[in-house]
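*Asks:*
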Amino acid sequence: MAAWVLAMVVGLPVLAYAGLVAINWNDEAPSAEAERLLALLRDRPPLADFANGYIHARDLAAAPGGDPEYREARSPQVGELASACSEAPACEEALDAQPGVAAEWLESEQWLIERYRRMLATRGWREPLLEDAHAPLTPYQHVMEGQKLHLVDMERHALAGDAATVHDLLERDLVFWRQVLASSDLLITKTIATVAVGRNLAFGNLALRKLAPELVDAAVPPSWRVPLTVAERSYARPLGGEWHWVAGTLRQAYVPGVPGAGTEGDAADRLMRPLFQQQATLNLVASRMVRVGELSELPYEELDAALARQVEAPGPSLRFPLYNPAGTLVFSAVSDVAYAGYVTRTSDLEGRRRATLLAATLRSAGIGAEGAESAVKESSLRNPYNNAPFEWDPASGAVVFNGLEEGERGRHAVLL
18 MAAWVLAMVV GLPVLAYAGL VAINWNDEAP SAEAERLLAL LRDRPPLADF ANGYIHARDL
78 AAAPGGDPEY REARSPQVGE LASACSEAPA CEEALDAQPG VAAEWLESEQ WLIERYRRML
138 ATRGWREPLL EDAHAPLTPY QHVMEGQKLH LVDMERHALA GDAATVHDLL ERDLVFWRQV
198 LASSDLLITK TIATVAVGRN LAFGNLALRK LAPELVDAAV PPSWRVPLTV AERSYARPLG
258 GEWHWVAGTL RQAYVPGVPG AGTEGDAADR LMRPLFQQQA TLNLVASRMV RVGELSELPY
318 EELDAALARQ VEAPGPSLRF PLYNPAGTLV FSAVSDVAYA GYVTRTSDLE GRRRATLLAA
378 TLRSAGIGAE GAESAVKESS LRNPYNNAPF EWDPASGAVV FNGLEEGERG RHAVLL
């Protein structure tokens, strides 16, 4: 009797596991969504290195002529200014407090600003995809430091009343970054481009405030007047790149025989590997990436409700699936909502563009705080999500755009 009980205790789990292995003997074929993402990545147009902004960004601080350690060589005053200039209001305050430090910064890192502007002259962006979790990232910190220098130099020209140079520097910067927005294949690149476009608008507004009203219109760059395109705010391509990264990471973690694949680990890991179906898991991920990519391309007036439905959607089932349980567990660890912040942050750029252009238009027309409220209400430049007028905040003297990004990050006050 005891032997029979022991056989049942040992044998039933073994039989159950063998049954699971049998159920998971074959993987799925690529789904339509997976094929769609594969085609999106496969059909990227070629681009020569000399015309590729990515190559310039990658090598911005590299030798010869570069200095990867340039930030460590900064004087304390320059270091403080560079840190403050991550955000436009803090940068303006620091520039006003120590006006001579900007010249020291620009002179000491002239090589970086020259390289940054050579990057701006390119008219294409083609970046390599990340193959797995160990793939190196582009050192974008040097690119963002270059943009700070470029925009601080633009502020210097604004103080001198040089509207033409302000116009030129803003336009070159924004045309490049809008190109990156439309061409990026990685989430990190799309995020960097979103930050860079927002920084152009914020620093540009502060520069235009330094000009006489009759010079403002001439300083407004043409790209400020052009609405964001669907390609610029779409996350279809970056999420395709994310899917490619997930594929490589999962392959490395779960597929035996792949260089770097997990072949060690505890017994539970080894038991779970036969219950992982790579393509079935990638099909699940592909459906999510395509769904979020399509959501990011919705008309502005539909986006808020679509995001709300996404947040309210039920989470993944906690039932143990017999087929691909390991892959389903991996997929369930992240929800669609995790990508909502990316979508809203980039989508909000259109409202920021309109609010910034409205402030410049009021300034050019000589409209001050006393007439701003009615002018804001009557303007054709309105909130893209609901076509309502922007707000006027008399306390701060700012045109206010309330976007879809959560909390204070979604409130954008553009000083008149």
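The numbering of the sequence shown is the working numbering, which starts it at 18 and goes up by one.
Just so you know, even glycine gets a beta-carbon here, dropped at the ideal spot from N, CA and C.
From which residue to which residue does the beta strand (DSSP E) around Ala-350 run?
*Replies:* For the purposes of this step, residue 350 is taken as the residue at position 333 of the sequence shown. No beta strand (DSSP E) holds Ala-350; DSSP gives it neither H nor E.
*Asks:* Looking at C-beta atoms only, is the number of pairs between the segment 148 to 157 and the segment 171 to 185 that lie closer than 8 Å three or more?
*Replies:* Because the criterion of three Cβ pairs below 8 Å is not met, the segment 148 to 157 and the segment 171 to 185 do not touch.
*Asks:* Rounded to whole angstroms, how far is the Cβ of Leu-398 from the Cβ of Leu-432, which I believe are closer than 8 Å?
*Replies:* Along the sequence shown, read from residue 1 onward, the residue named residue 398 stands at position 381. Along the sequence shown, read from residue 1 onward, the residue named residue 432 stands at position 415. No, Leu-398 and Leu-432 are not in contact; Cβ-Cβ is about 16 Å, not under 8 Å.
*Asks:* Can you list, in chain order, the residues of its chain whose CB lies under 6 Å from that of Ala-35, leaving out five sequence neighbours each side?
*Replies:* The sequence position of residue 35 within the sequence shown is 18, counting from 1. So no residue of the chain qualifies.
*Asks:* Between Val-118 and Leu-112, what straight-line distance do the alpha-carbon atoms span, to the nearest angstrom?
*Replies:* For the purposes of this step, residue 118 is identified with residue 101 of the sequence shown, where counting begins at 1. For the purposes of this step, residue 112 is identified with residue 95 of the sequence shown, where counting begins at 1. Straight-line Cα distance between these residues: approximately 8 Å.
*Asks:* Are Asp-202 and Glu-144 touching if we call contact CB-CB under 7 Å?
*Replies:* Residue numbering aside, residue 202 sits at position 185 when the sequence shown is read from its first letter. Residue numbering aside, residue 144 sits at position 127 when the sequence shown is read from its first letter. Cβ atoms of Asp-202 and Glu-144: closer than 7 Å.
*Asks:* Based on DSSP bridge pairs, tell me the residues matched to Asp-410.
*Replies:* For the purposes of this step, residue 410 is taken as the residue at position 393 of the sequence shown. Asp-410 pairs with Ala-415.
*Asks:* For a test of the three-state rule: what should DSSP assign to Arg-428, helix, strand or coil?
*Replies:* Counted from its first residue, the sequence shown places residue 428 at position 411. Arg-428: strand per DSSP, three-state reduction.
*Asks:* Within this structure, are the beta carbons of Pro-238 and Leu-187 separated by less than 7 Å?
*Replies:* For the purposes of this step, residue 238 is taken as residue 221 along the sequence shown, with counting starting at 1. For the purposes of this step, residue 187 is taken as residue 170 along the sequence shown, with counting starting at 1. Against a cut-off of 7 Å, the Cβ pair of Leu-187 and Pro-238 comes out as a contact.
*Asks:* Got a sec? Which residues, its chain only, sit under 8 Å from Gly-358 by beta carbon, not counting five neighbours each side?
*Replies:* Counting from one through the sequence shown, the residue named residue 358 turns up at place 341. The residues are Glu-422, Glu-423.
*Asks:* Is the segment 368 to 383 touching the segment 216 to 227 in the sense that three or more CB pairs, one from each, lie closer than 8 Å?
*Replies:* These segments touch.
*Asks:* If you follow the alpha helix (DSSP H) that Val-233 is part of, which residue opens it and which one closes it?
*Replies:* For the purposes of this step, residue 233 is taken as residue 216 along the sequence shown, with counting starting at 1. 230 to 236 is the extent of the alpha helix (DSSP H) around Val-233.
*Asks:* According to DSSP, simplified to helix, strand and coil, what is Arg-195?
*Replies:* Looking up residue 195 in the sequence shown gives position 178. Three-state DSSP puts Arg-195 in a helix.
*Asks:* Which partner residues of Arg-134 appear in the DSSP bridge assignment?
*Replies:* As a first step, residue 134 must be located in the sequence shown, where it is residue number 117. Its beta-bridge partners do not exist; DSSP assigns none.
*Asks:* To which residues of the same chain is Val-95 closer than 8 Å at the C-beta, ignoring the five residues directly before and after it?
*Replies:* Within the sequence shown, numbered from 1, the residue matching residue 95 stands at position 78. The answer, listed in chain order, is Val-118, Glu-121, Trp-122, Ser-125.
*Asks:* How would you label His-151, buried or exposed, when you count the other beta carbons within 10 angstroms and need 16 or more for buried?
*Replies:* Taking the first residue of the sequence shown as 1, we reach residue 151 at position 134. Under this definition His-151 is an exposed residue.
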